[in-house]
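**Q** According to this note's numbering, the sequence shown is numbered sequentially starting from 115.
Before I ask anything, let me first share the structure, which is written out below as structure tokens.
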Amino acid sequence: MEFKPKSNRRPLINLVSLIDILSIILLFFVVTTTFQREEPAVKIELPKSVRSKPIRSDLPKIIFVTEDKKIFLDNNPVEPDKLGEILKKTISENPDTKIALKASKNAPFEIIIQVMDAVKFAGISNLPTFTAEEDKKP
Numbered sequence: 115m116e117f118k119p120k121s122n123r124r125p126l127i128n129l130v131s132l133i134d135i136l137s138i139i140l141l142f143f144v145v146t147t148t149f150q151r152e153e154p155a156v157k158i159e160l161p162k163s164v165r166s167k168p169i170r171s172d173l174p175k176i177i178f179v180t181e182d183k184k185i186f187l188d189n190n191p192v193e194p195d196k197l198g199e200i201l202k203k204t205i206s207e208n209p210d211t212k213i214a215l216k217a218s219k220n221a222p223f224e225i226i227i228q229v230m231d232a233v234k235f236a237g238i239s240n241l242p243t244f245t246a247e248e249d250k251k252p
């Protein structure tokens, strides 16, 4: 019995299809990271409002109040008694800085009043608040 000698051909890898797949994956990652909105790690359930309007998203400083009595300025946790000083320093460095409040609907009213007192102490006269738009049922 005679065997045919094996050919020593190297396997062929089609690079064109691999490049196509890699470019699609790259495009997917670019698109998904570009449209991500920056939200802090704080999960807050906003109260509903019938007359709420979308607020500009270019507000640089947002005070978050959670239902477990924690206060955050942007992503940084802040003690309630130090919030006024931090806001006053922020406003003195840049008087055009806008401040807004995003409080959970289950946040204790006492903490919200402490935040409002700190805002008044910092000399901020207007404190917009975030609300969620109410679902319109037909």
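In this text, a Cβ means the ideal position worked out from N, Cα and C, and glycines have one as well.
Considering just the uninterrupted stretch of the beta strand (DSSP E) at Leu187, what are its terminal residues?
**A** Unbroken beta strand (DSSP E) run through Leu187: 185 to 187.
**Q** Comparing C-alpha positions only, which one of Leu132, Thr243, Leu140, Lys175 sits nearest to Ser218?
**A** Of the candidates Leu132, Thr243, Leu140, Lys175, the one whose C-alpha sits nearest the C-alpha of Ser218 is Thr243.
**Q** Using a Cβ-Cβ cut-off of 6 angstroms (strictly less than) and excluding sequence neighbours within five positions of Gly103, which residues of its own chain qualify?
**A** Summary: the structure shown does not reach residue 103, with the chain confined to residues 115 through 252, and so no result is reported for it.
**Q** Give the DSSP-derived three-state secondary structure of Lys214 in the structure shown.
**A** Strictly speaking, residue 214 in this sequence is Ala, with Lys absent from that position. Three-state result, Ala214: strand.
**Q** For the beta strand (DSSP E) that Ile226 lies in, which residues bound it at each end?
**A** First-last for Ile226: 223 to 235, but that is the alpha helix (DSSP H), not the beta strand (DSSP E).
**Q** Going by the CB atoms, is the gap between Leu215 and Ile226 shorter than 9 angstroms?
**A** Their beta carbons are under 9 angstroms apart, which means Ile226 touches Leu215 by this criterion.
**Q** Do Leu201 and Ile158 have their C-beta atoms closer together than 9 angstroms?
**A** Taking 9 angstroms as the Cβ cut-off, Leu201 and Ile158 do not qualify as a contacting pair.
**Q** Secondary structure at Phe142, three-state DSSP: helix, strand or coil?
**A** DSSP places Phe142 in helix when its eight states are reduced to three.
**Q** Can you pull the DSSP bridge partners for Ile176?
**A** In DSSP, Ile176 forms a bridge with Ala214.
**Q** Please work out which residues of its chain come closer than 8 angstroms, Cβ to Cβ, to Pro191, disregarding the five sequence neighbours upstream and downstream, and give them in chain order.
**A** Hits under 8 angstroms: Lys184, Ile185.
**Q** Using the rule of at least 16 other Cβ atoms within 10 Å of the residue's Cβ for burial, across every protein chain shown, is Ala221 buried or exposed?
**A** The residue in question, Ala221, is buried, as its Cβ has 16 or more Cβ neighbours within 10 Å.
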